[in-house]
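Q:
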Amino acid sequence: MISANLSAVFYLFSGILFILALRGLSSPETSRQGNLFGILGMIIAITVTFLTVGNFSTAMNYVLLFLVIGGAIGAFIAFKIPMTAMPELVAGFHSLVGLAAVFVAISAFLNPQAFNLGSPGNIKLASLIEMSIGAAVGAITFSGSIIAFLKLRGIMSGSPITFIGQHFLNLILGISIFVLIYYLCTTQSENFFWSMIAVSFLIGVLLIIPIGGADMPVVISMLNSYSGWAAAGIGFTLENTALIITGALVGSSGAILSYIMCKGMNRSFFSVILGGFGGESTTGKEKKKDQKPVKSGNAEDAAFLLKNASSVIIVPGYGMAVAQAQHALREMVDALKKNDIKVSYAVHPVAGRMPGHMNVLLAEANVPYDEVFELDDINNDFANTDVAFVIGANDVTNPVAKTDPQSPIYGMPVLDVEKCKSVLFVKRSLSPGYAGVDNELFYRDNTLMLFADAKKMTEDIVKNI
Amino acid sequence: MEIDPFIFRFSIFILAIFVGYYVVWSVTPSLHTPLMSVTNAISSVIIVGAIIAALTSSSNNIFETSNIFGFLAIVLAAVNIFGGFLVTQRMLQMYKKKKKDKK
Chain A
38 MISANLSAVF YLFSGILFIL ALRGLSSPET SRQGNLFGIL GMIIAITVTF
88 LTVGNFSTAM NYVLLFLVIG GAIGAFIAFK IPMTAMPELV AGFHSLVGLA
138 AVFVAISAFL NPQAFNLGSP GNIKLASLIE MSIGAAVGAI TFSGSIIAFL
188 KLRGIMSGSP ITFIGQHFLN LILGISIFVL IYYLCTTQSE NFFWSMIAVS
238 FLIGVLLIIP IGGADMPVVI SMLNSYSGWA AAGIGFTLEN TALIITGALV
288 GSSGAILSYI MCKGMNRSFF SVILGGFGGE STTGKEKKKD QKPVKSGNAE
338 DAAFLLKNAS SVIIVPGYGM AVAQAQHALR EMVDALKKND IKVSYAVHPV
388 AGRMPGHMNV LLAEANVPYD EVFELDDINN DFANTDVAFV IGANDVTNPV
438 AKTDPQSPIY GMPVLDVEKC KSVLFVKRSL SPGYAGVDNE LFYRDNTLML
488 FADAKKMTED IVKNI
Chain B
26 MEIDPFIFRF SIFILAIFVG YYVVWSVTPS LHTPLMSVTN AISSVIIVGA
76 IIAALTSSSN NIFETSNIFG FLAIVLAAVN IFGGFLVTQR MLQMYKKKKK
126 DKK
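Chains as they are written, first to last, in our numbering: chain A, 38 to 502; chain B, 26 to 128.
#1: For T495(A), report the span of its alpha helix (DSSP H) as first-last.
#2: M391(A) touches chain B at which residues, Cβ-Cβ below 7 angstroms?
#3: Would you kindly work out how many angstroms separate the C-alpha atoms of T53(B) and P59(B), rounded to a whole number?
#4: For N148(A) versus T81(B), is the C-beta spacing smaller than 8 angstroms?
#5: So, does the segment 374–381 of chain A touch the segment 451–467 of chain A, judging by three or more C-beta pairs under 8 angstroms?
#6: Taking G429(A) and Y355(A) to be in contact with their CB atoms under 8 angstroms, please state how far apart those CB atoms are, rounded to whole angstroms.
#7: So the candidates are V349(A), V236(A), G61(A), R69(A); which of them puts its Cα closest to the Cα of R115(B)?
#8: Using a Cβ cut-off of 7 angstroms, pull out every chain A residue sitting near S2(B), in sequence order please.
#9: For the alpha helix (DSSP H) that contains E125(A), what are its first and last residues?
#10: Hey, out of M449(A), G288(A), A362(A), L73(A), whose CA is closest to L40(B)'s CA?
#11: Using the C-alpha atoms, what's the distance from H57(B) back to T495(A)?
#12: Taking only beta-carbon positions, decide if F426(A) is within less than 8 angstroms of chain B.
#13: DSSP beta-bridge partners for F152(A)?
#14: Among V309(A), S295(A), A82(A), whose alpha-carbon lies nearest the alpha-carbon of Y48(A)?
#15: Along chain A, in chain order, which residues have C-beta atoms closer than 9 angstroms to that of E89(B)?
#16: What separation, rounded to the nearest whole angstrom, lies between the Cα atoms of D414(A) and H385(A)?
#17: Have a look at V139(A) and L373(A) and give me their C-alpha separation to the nearest angstrom.
#18: Which of the three DSSP states is assigned to M486(A) in this structure?
#19: In the DSSP assignment, what are the bridge partners of K464(A)?
#20: By the criterion of Cβ-Cβ separation under 7 angstroms, what are the contact partners of H385(A) in chain B?
#21: Could you check the C-alpha separation between A145(A) and L399(A) for me, to the nearest Å?
#22: Shorter than 8 angstroms from the beta carbon of I67(B) to some beta carbon of chain A?
#23: Just verifying my parser: in three-state terms, what is the DSSP assignment at E411(A)?
#24: Give, in chain order, every unbroken run of the alpha helix (DSSP H) that is at least 4 residues long and sits entirely within the segment 335–407 of chain A.
#25: May I ask which residues mark the beginning and end of the beta strand (DSSP E) holding F426(A)?
#26: Measure the C-alpha to C-alpha separation of M513(A) and M391(A) and round it to an integer number of angstroms.
#27: Alpha carbon to alpha carbon, how far is V100(A) from V352(A)? Give it in angstroms, no decimals.
#28: Check whether the Cβ atoms of F186(A) and V100(B) lie closer than 8 angstroms to each other.
#29: Using beta carbons (cut-off 8 angstroms, strictly below), is M26(B) in contact with chain A?
#30: DSSP puts S84(B) in a beta bridge; with which residues?
#31: Are L461(A) and L485(A) close, meaning C-beta to C-beta below 8 angstroms?
#32: Per DSSP, what are the beta-bridge partners of I76(B) in this structure?
#33: How many Å lie between L359(A) and G191(A) at the Cα?
#34: Whole alpha helix (DSSP H) runs in the segment 254–324 of chain A with 4 or more residues, listed along the chain?
#35: How would you write the range of the alpha helix (DSSP H) that Y447(A) sits in, first residue to last?
#36: If you compare alpha carbons, which of P405(A), H364(A), E401(A), V433(A) is closest to N26(A)?
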């Protein structure tokens, strides 16, 4: 058993290690070391907790047993999960943090003595508010992440589900949470606590169902942020520095990512939350589609174009992830490099379904990270490039975002692929992207459409080079 | 007049938000996915609360309702801790630099 003061110092130390873990991610070289700091911080926090409680009874065996069970499940998932499934994995993990926060809050409510918060029916006011906030945010994180998981996994349709009075209902439910917390504090009645949690679960569902597939990067970052605030809320209840620091770190990390993602789409955070964007909305452009001629080609044409280029920029998008085409793509690039063609990759901030999604897939396919460039770093190079190879991306290349103020994606930063001498588009059909906007690039003279599955097409091109 | 300990914790909280703000802005965009998975893993430090909840009971029964919620939270957080750190490690192993001879 160690003193409360000593354990507080250790918790502070593990909080610092967590900061270093995030700091390590500023470059790939230091990132692995950073992750080790994070693991060390976690080991310290858990060990100190065991020593502080100092109750090495039979219950301890169960704690270790459950720790091992959970750990084994987690390790199994971590090793088995394909990199393309990373967005849903992260969403799934967020839901677990949320639910764990709810459970800890419930436990603290039922047995406040364990945390020195008073006695049942007579819990300290501040603690009651803190645990309510922790539980409410945790519950919203949980159910919201479950919906995000189902949408990303394709079990639930990615198109937004909206109904009349939705925002009004959310507002009412949001206010009712505060009302319930108020009554909980004045009466200390269990019923208010349970209803508050139930309403929070409902809000989580209602918040995420109206948000469309294209906005998923924002949603995941947002839920990341929520899971942090939930942890911080519980940290205040338990008066635990490690949890408070971590909660603040994770909360602000998620908030920054949401901001970056919103900026990448030129959408305000508010409009994403309100949802309804990116369904099969009719923009009245359906008719024009049939009239415009499209040049389409096959793998041989593409291989010919690529072989005769001296520089190529690859623009990957969500379609590459769906088709698992990253390895075939890498083979294609290797073949091009043998012909002394300069190849680089251009990644848009919102390409894919979560921040950094494309970078991970390319890294998985052994693409060196210093060949992969962000939007701002590479956008000027398109004008001096022979071929842009767009694989599974669409909206992020649409020049309409620069030219047509009427377009829903107007103002969104896009990759200037149209400035290349020619553009190759690997795509399954002419259908518009998630924003529901037709891409005028398809109809340009210097564009060659390659209608096929991204992986199959890339493999065929490799054969023809 | 004495300052409420809450204010101290709140100060730590606010300062940590600022630390988080500056640290996360310096994270390179290509590592945003590992950033999410590692923040996931570290936010599972909530297991600290779960362990206390599981081990403290007001009677001899080690499976009171409050303990059961603690045990459940331990399982959830453990999945996240191991899963989060290991998957981050797996991802980070893949980030390699260009080999020198290829230049």
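For glycine and all other residues, C-beta sits at the position ideal for the given N, C-alpha and C.
A: Looking at the coordinates:
#1: 491–501
#2: T58, M61
#3: 11 angstroms
#4: yes
#5: no
#6: 6 angstroms
#7: R69(A)
#8: Any question about residue 2(B) goes unanswered here, given that chain B covers just 26 to 128.
#9: 123–147
#10: G288(A)
#11: 27 angstroms
#12: no
#13: DSSP lists no partner for F152(A).
#14: A82(A)
#15: L147, N148
#16: 11 angstroms
#17: 53 angstroms
#18: strand
#19: F488(A)
#20: Neighbours of H385(A) on chain B: none; closest Cβ ~10 angstroms, over 7 angstroms.
#21: 45 angstroms
#22: yes
#23: strand
#24: 336–344, 355–360, 363–375, 394–401
#25: 424–428
#26: This structure gives no information on residue 513(A), because the portion of chain A shown stretches from 38 to 502.
#27: 48 angstroms
#28: no
#29: no
#30: Paired residues: none, contrary to the question.
#31: yes
#32: Answer by DSSP bridge pairing: none, since I76(B) is not bridged.
#33: Here residue 359(A) is Val; the residue named in the question, Leu, does not match the sequence. Each residue's alpha carbon lies about 11 angstroms from the other.
#34: 278–302, 306–311
#35: Note, Y447(A): premise wrong, no alpha helix (DSSP H); not H, not E.
#36: Beyond the ends of chain A as shown, which are 38 and 502, falls residue 26(A); an answer cannot be given.
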